[in-house]
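To start, the structure under review is shown below, and the notes come after it.
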Amino acid sequence: MADELKIDSGALIFATLADVYLSSGMIDEAISILKDGLVRNPGYTLAKIILGRAYYMKDDIKEAVKILEEVYTEAPDSENTNLYLGHCYKKLGENEKALKFYEATIKINPENSEAKKELELLKSEKVEEKVAPEEEPKPEAVEVAVPAEEEVIKEEKPQEVEAAVPTEEEVIEGKPQEVEAAVPTAKEVIEEKPQEEVKPEIEEKVEENVEKEKPPEETKPAVVEEKVEPQPAPAVEVTKEEPLPEIGLEEAEKKETPLQALEAPMQRLLKIKSVKGAFICSRDGLLIQSYYDRPDIEELCALIASVISDADESFKFLQKDSLERGIIEKADETICVVTAGESLLTVITEPEAKPGLVFIYARKIIEEIKEILG
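Residue 255 in full-length UniProt numbering sits at position 255 of the sequence shown, and the numbers go up by one each step.
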(Lines of atoms letter the chains of each structure in order from A and count residues from 1; the text may use other names and numbers.)
(Lines give C-alpha, C1' and ligand atoms only; values in the text may rest on other atoms or scores of the structure.)
Protein backbone atom coordinates (compact mmCIF):
# COMPACT_ATOMS: atom_id res chain seq x y z
CA MET A 1 0.00 0.00 0.00
CA ALA A 2 2.90 2.37 0.78
CA ASP A 3 4.28 1.66 -2.74
CA GLU A 4 0.93 2.68 -4.28
CA LEU A 5 1.09 6.03 -2.47
CA LYS A 6 4.60 6.70 -3.79
CA ILE A 7 3.52 6.00 -7.37
CA ASP A 8 0.39 8.19 -7.14
CA SER A 9 1.29 11.18 -4.96
CA GLY A 10 -2.16 12.74 -5.47
CA ALA A 11 -4.06 9.68 -4.22
CA LEU A 12 -6.46 10.51 -1.40
CA ILE A 13 -6.74 6.92 -0.23
CA PHE A 14 -4.15 7.66 2.47
CA ALA A 15 -6.88 9.09 4.74
CA THR A 16 -8.91 5.86 4.51
CA LEU A 17 -5.81 3.79 5.17
CA ALA A 18 -4.96 5.93 8.21
CA ASP A 19 -8.51 5.47 9.52
CA VAL A 20 -8.07 1.67 9.26
CA TYR A 21 -4.76 1.96 11.15
CA LEU A 22 -6.50 3.91 13.95
CA SER A 23 -9.26 1.30 14.19
CA SER A 24 -6.54 -1.35 14.63
CA GLY A 25 -4.77 0.68 17.35
CA MET A 26 -1.78 1.53 15.10
CA ILE A 27 -1.78 5.25 16.03
CA ASP A 28 1.84 6.15 15.19
CA GLU A 29 1.57 4.54 11.73
CA ALA A 30 -1.63 6.49 11.06
CA ILE A 31 -0.02 9.82 12.07
CA SER A 32 2.98 9.12 9.82
CA ILE A 33 0.78 8.37 6.76
CA LEU A 34 -1.43 11.43 7.37
CA LYS A 35 1.51 13.82 7.72
CA ASP A 36 3.09 12.48 4.53
CA GLY A 37 -0.21 12.70 2.64
CA LEU A 38 -0.96 16.25 3.82
CA VAL A 39 2.41 17.44 2.50
CA ARG A 40 1.16 16.48 -0.98
CA ASN A 41 -2.49 17.47 -0.32
CA PRO A 42 -2.45 20.36 2.20
CA GLY A 43 -6.09 21.29 1.57
CA TYR A 44 -7.56 17.86 2.34
CA THR A 45 -9.86 18.67 5.30
CA LEU A 46 -10.88 15.07 6.09
CA ALA A 47 -7.22 14.06 6.53
CA LYS A 48 -6.71 16.96 8.97
CA ILE A 49 -9.73 15.88 11.03
CA ILE A 50 -8.44 12.28 11.19
CA LEU A 51 -4.98 13.59 12.19
CA GLY A 52 -6.55 15.61 15.01
CA ARG A 53 -8.42 12.50 16.17
CA ALA A 54 -5.17 10.48 16.02
CA TYR A 55 -3.38 12.96 18.30
CA TYR A 56 -6.38 12.85 20.68
CA MET A 57 -6.13 9.03 20.81
CA LYS A 58 -2.39 9.38 21.46
CA ASP A 59 -3.27 11.70 24.40
CA ASP A 60 -1.39 14.63 22.81
CA ILE A 61 -4.33 16.97 23.50
CA LYS A 62 -2.55 20.27 22.78
CA GLU A 63 -1.52 19.16 19.27
CA ALA A 64 -5.02 17.78 18.64
CA VAL A 65 -6.63 21.11 19.65
CA LYS A 66 -4.19 23.06 17.45
CA ILE A 67 -5.09 21.00 14.33
CA LEU A 68 -8.84 20.82 15.02
CA GLU A 69 -9.16 24.56 15.78
CA GLU A 70 -7.52 25.25 12.40
CA VAL A 71 -10.05 22.94 10.70
CA TYR A 72 -12.89 24.61 12.66
CA THR A 73 -12.06 28.01 11.13
CA GLU A 74 -12.32 26.42 7.66
CA ALA A 75 -15.32 24.12 8.31
CA PRO A 76 -17.30 25.11 11.46
CA ASP A 77 -20.18 22.81 10.44
CA SER A 78 -18.05 19.63 10.58
CA GLU A 79 -19.67 17.16 12.97
CA ASN A 80 -16.45 15.28 13.84
CA THR A 81 -14.45 18.49 14.32
CA ASN A 82 -16.96 19.80 16.89
CA LEU A 83 -17.21 16.40 18.60
CA TYR A 84 -13.46 15.93 19.07
CA LEU A 85 -12.93 19.55 20.11
CA GLY A 86 -15.50 18.83 22.82
CA HIS A 87 -13.56 15.70 23.86
CA CYS A 88 -10.26 17.63 23.94
CA TYR A 89 -11.54 20.53 26.04
CA LYS A 90 -13.21 18.09 28.46
CA LYS A 91 -9.85 16.37 28.99
CA LEU A 92 -8.21 19.77 29.57
CA GLY A 93 -10.85 20.53 32.23
CA GLU A 94 -12.42 23.40 30.25
CA ASN A 95 -16.00 22.18 30.63
CA GLU A 96 -17.69 25.36 29.37
CA LYS A 97 -15.89 25.11 26.01
CA ALA A 98 -16.61 21.38 25.88
CA LEU A 99 -20.34 22.06 26.40
CA LYS A 100 -20.31 24.58 23.56
CA PHE A 101 -18.82 22.10 21.06
CA TYR A 102 -21.05 19.19 22.16
CA GLU A 103 -24.14 21.40 21.70
CA ALA A 104 -22.87 22.42 18.24
CA THR A 105 -22.41 18.72 17.33
CA ILE A 106 -26.02 17.93 18.29
CA LYS A 107 -27.28 20.90 16.24
CA ILE A 108 -25.48 19.50 13.19
CA ASN A 109 -26.66 15.92 13.88
CA PRO A 110 -29.38 15.49 16.55
CA GLU A 111 -28.83 11.69 16.46
CA ASN A 112 -25.18 11.85 17.60
CA SER A 113 -25.42 9.63 20.71
CA GLU A 114 -21.80 10.21 21.77
CA ALA A 115 -22.27 13.98 21.99
CA LYS A 116 -25.62 13.54 23.81
CA LYS A 117 -24.04 11.28 26.42
CA GLU A 118 -21.11 13.63 27.09
CA LEU A 119 -23.44 16.64 27.28
CA GLU A 120 -25.67 14.93 29.88
CA LEU A 121 -22.64 13.97 31.99
CA LEU A 122 -21.27 17.51 32.03
CA LYS A 123 -24.67 19.01 32.90
CA SER A 124 -25.22 16.50 35.75
CA GLU A 125 -21.77 17.35 37.17
CA LYS A 126 -22.76 21.03 37.18
CA VAL A 127 -25.97 20.30 39.12
CA GLU A 128 -24.12 18.14 41.69
CA GLU A 129 -21.62 20.94 42.38
CA LYS A 130 -24.47 23.35 43.23
CA VAL A 131 -26.53 20.94 45.37
CA ALA A 132 -23.75 19.15 47.30
CA PRO A 133 -22.81 21.92 49.89
CA GLU A 134 -26.43 22.24 51.21
CA GLU A 135 -26.62 18.56 52.23
CA GLU A 136 -23.43 18.49 54.38
CA PRO A 137 -24.84 19.42 57.89
CA LYS A 138 -27.43 16.55 57.99
CA PRO A 139 -25.24 13.69 59.35
CA GLU A 140 -24.02 15.81 62.34
CA ALA A 141 -27.45 15.83 64.07
CA VAL A 142 -27.65 12.02 63.97
CA GLU A 143 -24.15 11.57 65.40
CA VAL A 144 -24.86 13.85 68.42
CA ALA A 145 -28.26 12.29 69.30
CA VAL A 146 -27.22 8.62 69.53
CA PRO A 147 -24.47 8.87 72.20
CA ALA A 148 -26.80 10.84 74.52
CA GLU A 149 -29.25 7.91 74.81
CA GLU A 150 -26.44 5.43 75.33
CA GLU A 151 -24.94 7.51 78.15
CA VAL A 152 -28.29 7.67 79.99
CA ILE A 153 -28.70 3.89 79.76
CA LYS A 154 -25.13 3.27 80.86
CA GLU A 155 -25.45 5.64 83.84
CA GLU A 156 -28.81 4.30 85.09
CA LYS A 157 -28.33 0.53 84.91
CA PRO A 158 -25.11 0.17 86.93
CA GLN A 159 -26.57 2.26 89.80
CA GLU A 160 -29.62 0.02 90.09
CA VAL A 161 -27.52 -3.15 90.05
CA GLU A 162 -24.99 -1.84 92.57
CA ALA A 163 -27.71 -0.74 94.97
CA ALA A 164 -29.74 -3.97 94.78
CA VAL A 165 -27.12 -6.74 94.40
CA PRO A 166 -23.75 -7.04 96.15
CA THR A 167 -20.78 -7.36 93.79
CA GLU A 168 -18.77 -10.54 93.35
CA GLU A 169 -15.82 -9.09 95.30
CA GLU A 170 -18.04 -8.14 98.23
CA VAL A 171 -19.47 -11.66 98.42
CA ILE A 172 -16.00 -13.28 98.27
CA GLU A 173 -14.49 -10.94 100.88
CA GLY A 174 -17.58 -11.44 103.07
CA LYS A 175 -18.14 -7.91 104.44
CA PRO A 176 -20.79 -8.43 107.13
CA GLN A 177 -21.02 -4.77 108.14
CA GLU A 178 -22.29 -3.56 104.76
CA VAL A 179 -24.87 -6.37 104.56
CA GLU A 180 -26.15 -5.59 107.99
CA ALA A 181 -26.43 -1.88 107.19
CA ALA A 182 -28.37 -2.57 104.01
CA VAL A 183 -30.94 -4.93 105.64
CA PRO A 184 -32.92 -3.68 108.66
CA THR A 185 -33.14 -5.94 111.73
CA ALA A 186 -36.31 -7.34 113.24
CA LYS A 187 -36.15 -4.81 116.10
CA GLU A 188 -36.07 -1.82 113.73
CA VAL A 189 -39.11 -3.15 111.88
CA ILE A 190 -41.05 -3.54 115.14
CA GLU A 191 -40.26 0.03 116.22
CA GLU A 192 -41.25 1.61 112.88
CA LYS A 193 -44.38 -0.40 111.99
CA PRO A 194 -47.66 -1.04 113.85
CA GLN A 195 -48.15 -4.34 115.72
CA GLU A 196 -50.54 -5.75 113.09
CA GLU A 197 -47.87 -5.61 110.34
CA VAL A 198 -44.93 -6.80 112.44
CA LYS A 199 -45.29 -10.57 112.02
CA PRO A 200 -45.47 -10.85 108.20
CA GLU A 201 -42.67 -8.32 107.70
CA ILE A 202 -40.40 -10.06 110.22
CA GLU A 203 -40.85 -13.32 108.32
CA GLU A 204 -39.99 -11.62 104.98
CA LYS A 205 -36.85 -9.95 106.39
CA VAL A 206 -35.68 -13.20 107.99
CA GLU A 207 -36.01 -14.96 104.59
CA GLU A 208 -34.02 -12.16 102.91
CA ASN A 209 -31.28 -12.42 105.56
CA VAL A 210 -31.04 -16.17 104.98
CA GLU A 211 -30.60 -15.61 101.21
CA LYS A 212 -27.97 -12.90 101.79
CA GLU A 213 -25.97 -15.15 104.13
CA LYS A 214 -25.75 -18.03 101.61
CA PRO A 215 -22.16 -19.05 100.70
CA PRO A 216 -20.51 -17.32 97.68
CA GLU A 217 -20.81 -20.42 95.48
CA GLU A 218 -24.61 -19.95 95.16
CA THR A 219 -24.58 -16.18 94.41
CA LYS A 220 -21.68 -16.27 91.90
CA PRO A 221 -23.51 -17.86 88.94
CA ALA A 222 -26.44 -15.39 89.13
CA VAL A 223 -24.14 -12.34 88.84
CA VAL A 224 -22.06 -13.82 86.01
CA GLU A 225 -25.08 -14.93 83.96
CA GLU A 226 -26.73 -11.47 84.01
CA LYS A 227 -23.63 -9.59 82.75
CA VAL A 228 -22.05 -12.03 80.26
CA GLU A 229 -24.94 -13.67 78.34
CA PRO A 230 -26.28 -10.68 76.24
CA GLN A 231 -22.91 -9.82 74.59
CA PRO A 232 -21.53 -12.81 72.54
CA ALA A 233 -24.31 -13.20 69.92
CA PRO A 234 -23.92 -9.92 67.89
CA ALA A 235 -20.09 -10.12 67.86
CA VAL A 236 -20.12 -13.50 66.05
CA GLU A 237 -22.65 -12.38 63.40
CA VAL A 238 -20.78 -9.18 62.43
CA THR A 239 -17.34 -10.72 61.95
CA LYS A 240 -18.35 -13.45 59.46
CA GLU A 241 -17.88 -12.36 55.84
CA GLU A 242 -18.29 -14.76 52.95
CA PRO A 243 -16.09 -13.98 49.91
CA LEU A 244 -18.70 -15.29 47.43
CA PRO A 245 -18.38 -12.52 44.79
CA GLU A 246 -14.65 -13.20 44.22
CA ILE A 247 -15.24 -16.93 43.71
CA GLY A 248 -18.04 -16.14 41.28
CA LEU A 249 -15.82 -13.86 39.18
CA GLU A 250 -13.06 -16.46 38.93
CA GLU A 251 -15.53 -19.11 37.80
CA ALA A 252 -17.02 -16.74 35.21
CA GLU A 253 -13.58 -16.04 33.75
CA LYS A 254 -12.80 -19.76 33.54
CA LYS A 255 -16.02 -20.44 31.65
CA GLU A 256 -15.07 -18.23 28.65
CA THR A 257 -14.20 -20.51 25.74
CA PRO A 258 -11.56 -19.74 23.08
CA LEU A 259 -14.29 -19.29 20.45
CA GLN A 260 -16.00 -16.65 22.64
CA ALA A 261 -12.68 -14.84 22.99
CA LEU A 262 -12.43 -14.68 19.16
CA GLU A 263 -15.80 -12.93 18.85
CA ALA A 264 -14.58 -9.37 19.56
CA PRO A 265 -11.61 -9.28 17.10
CA MET A 266 -13.65 -10.93 14.33
CA GLN A 267 -16.53 -8.46 14.70
CA ARG A 268 -14.07 -5.58 14.15
CA LEU A 269 -12.99 -7.19 10.87
CA LEU A 270 -16.58 -7.74 9.70
CA LYS A 271 -17.37 -4.02 10.12
CA ILE A 272 -15.40 -3.22 6.93
CA LYS A 273 -18.03 -2.44 4.26
CA SER A 274 -16.48 -4.55 1.50
CA VAL A 275 -16.18 -7.69 3.72
CA LYS A 276 -18.95 -10.24 3.10
CA GLY A 277 -17.90 -12.74 5.76
CA ALA A 278 -15.03 -14.68 7.33
CA PHE A 279 -14.19 -18.03 8.88
CA ILE A 280 -11.33 -19.84 10.62
CA CYS A 281 -10.27 -23.38 9.77
CA SER A 282 -7.38 -25.71 10.53
CA ARG A 283 -4.65 -26.50 7.99
CA ASP A 284 -6.36 -29.88 7.54
CA GLY A 285 -9.50 -28.16 6.25
CA LEU A 286 -11.69 -28.57 9.35
CA LEU A 287 -13.97 -25.63 10.14
CA ILE A 288 -13.19 -24.05 13.54
CA GLN A 289 -15.55 -21.06 13.54
CA SER A 290 -17.70 -19.44 10.85
CA TYR A 291 -18.79 -15.80 10.59
CA TYR A 292 -20.34 -16.29 7.14
CA ASP A 293 -23.81 -17.71 6.47
CA ARG A 294 -23.03 -19.99 3.54
CA PRO A 295 -24.21 -23.60 2.93
CA ASP A 296 -20.98 -24.82 1.28
CA ILE A 297 -18.68 -23.43 3.99
CA GLU A 298 -17.16 -26.83 4.91
CA GLU A 299 -16.34 -27.65 1.26
CA LEU A 300 -14.76 -24.20 0.92
CA CYS A 301 -12.61 -24.87 4.02
CA ALA A 302 -11.32 -28.11 2.50
CA LEU A 303 -10.59 -26.39 -0.86
CA ILE A 304 -8.67 -23.51 0.73
CA ALA A 305 -6.67 -25.84 2.99
CA SER A 306 -5.72 -27.92 -0.06
CA VAL A 307 -4.60 -24.85 -2.05
CA ILE A 308 -2.50 -23.51 0.86
CA SER A 309 -0.96 -26.96 1.44
CA ASP A 310 0.05 -27.25 -2.26
CA ALA A 311 1.49 -23.73 -2.17
CA ASP A 312 3.53 -24.58 0.94
CA GLU A 313 4.96 -27.65 -0.78
CA SER A 314 5.94 -25.52 -3.77
CA PHE A 315 7.67 -23.00 -1.51
CA LYS A 316 9.62 -25.79 0.20
CA PHE A 317 10.65 -27.18 -3.19
CA LEU A 318 11.95 -23.74 -4.16
CA GLN A 319 13.69 -23.51 -0.76
CA LYS A 320 11.70 -20.42 0.18
CA ASP A 321 9.94 -19.49 3.40
CA SER A 322 6.44 -20.85 3.97
CA LEU A 323 3.38 -19.07 2.56
CA GLU A 324 2.01 -16.31 4.82
CA ARG A 325 -0.99 -15.08 2.82
CA GLY A 326 -2.71 -15.61 -0.50
CA ILE A 327 -5.48 -14.20 -2.72
CA ILE A 328 -7.95 -16.22 -4.82
CA GLU A 329 -9.87 -13.98 -7.23
CA LYS A 330 -13.27 -15.10 -8.57
CA ALA A 331 -15.83 -13.34 -10.75
CA ASP A 332 -18.20 -12.54 -7.89
CA GLU A 333 -15.84 -12.38 -4.89
CA THR A 334 -12.24 -12.29 -3.69
CA ILE A 335 -10.92 -14.80 -1.13
CA CYS A 336 -8.10 -13.52 1.12
CA VAL A 337 -6.30 -16.19 3.18
CA VAL A 338 -3.88 -15.40 6.04
CA THR A 339 -1.96 -18.02 8.03
CA ALA A 340 -2.29 -17.79 11.82
CA GLY A 341 -0.05 -20.44 13.37
CA GLU A 342 -1.75 -23.80 12.79
CA SER A 343 -4.97 -22.09 11.63
CA LEU A 344 -6.10 -20.25 8.50
CA LEU A 345 -8.10 -17.01 8.60
CA THR A 346 -10.17 -16.62 5.42
CA VAL A 347 -11.93 -13.34 4.56
CA ILE A 348 -14.47 -13.17 1.69
CA THR A 349 -14.79 -9.69 0.13
CA GLU A 350 -16.54 -8.00 -2.76
CA PRO A 351 -14.57 -8.26 -6.04
CA GLU A 352 -13.85 -4.50 -6.06
CA ALA A 353 -12.39 -4.54 -2.52
CA LYS A 354 -8.71 -3.80 -1.99
CA PRO A 355 -7.05 -6.88 -0.43
CA GLY A 356 -4.25 -4.69 0.92
CA LEU A 357 -6.65 -3.00 3.33
CA VAL A 358 -8.02 -6.37 4.47
CA PHE A 359 -4.53 -7.71 5.19
CA ILE A 360 -3.57 -4.57 7.13
CA TYR A 361 -6.71 -4.77 9.22
CA ALA A 362 -6.34 -8.54 9.75
CA ARG A 363 -2.71 -8.25 10.88
CA LYS A 364 -3.74 -7.08 14.35
CA ILE A 365 -6.36 -9.81 14.65
CA ILE A 366 -3.91 -12.56 13.61
CA GLU A 367 -1.88 -12.05 16.81
CA GLU A 368 -5.00 -12.56 18.91
CA ILE A 369 -5.95 -15.71 16.97
CA LYS A 370 -2.43 -17.13 17.49
CA GLU A 371 -2.67 -16.52 21.24
CA ILE A 372 -6.12 -18.13 21.48
CA LEU A 373 -5.77 -21.10 19.10
CA GLY A 374 -1.98 -21.46 18.92
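For each residue, glycine too, the CB sits at the ideal point set by N, CA and C.
Of Gly43, Tyr44, Pro42 and Ala54, the smallest CA-CA separation from Asp19 is found for Ala54. For Ile50, the closest of Val39, Lys35, Arg40 and Lys62 by C-alpha to C-alpha distance is Lys35. Sequence-distant Cβ neighbours of Lys276 in its own chain, meaning closer than 8 Å and more than five residues away, are Tyr292, Glu333, Ile348, Thr349 and Glu350. A distance below 6 Å between beta-carbons, with the five flanking residues on each side excluded, links Glu63 to the following residues of its chain, in chain order: Tyr55.
C-alpha of Met266 to C-alpha of Arg283: approximately 19 Å in a straight line. Cβ-Cβ distances below 6 Å link Glu118 to Tyr102 in the same chain, with the five nearest sequence neighbours on each side left out; the list follows chain order. Judged by DSSP in its simplified three-state form, Leu344 adopts strand. With respect to the C-alpha of Glu368, the residue from Asn112, Ala75 and Arg268 having the closest C-alpha is Arg268. Judged by DSSP secondary structure, Glu329 falls within the beta strand (DSSP E) whose first and last residues are Arg325 to Glu329.
For Leu287, the uninterrupted beta strand (DSSP E) run begins and ends at Leu287 to Ser290, by DSSP. Ile272 carries a coil assignment under DSSP once its states are collapsed to helix, strand and coil.
The Cβ neighbour count for Val127, taken over all protein chains shown within 10 Å, is under 16; the residue is labelled exposed. The continuous alpha helix (DSSP H) containing Met57 extends over residues Thr45 to Met57. It is roughly 12 Å from the alpha-carbon of Leu303 to the alpha-carbon of Thr346. Residue range Ile61 to Glu74 is occupied by the alpha helix (DSSP H) that includes Lys62.
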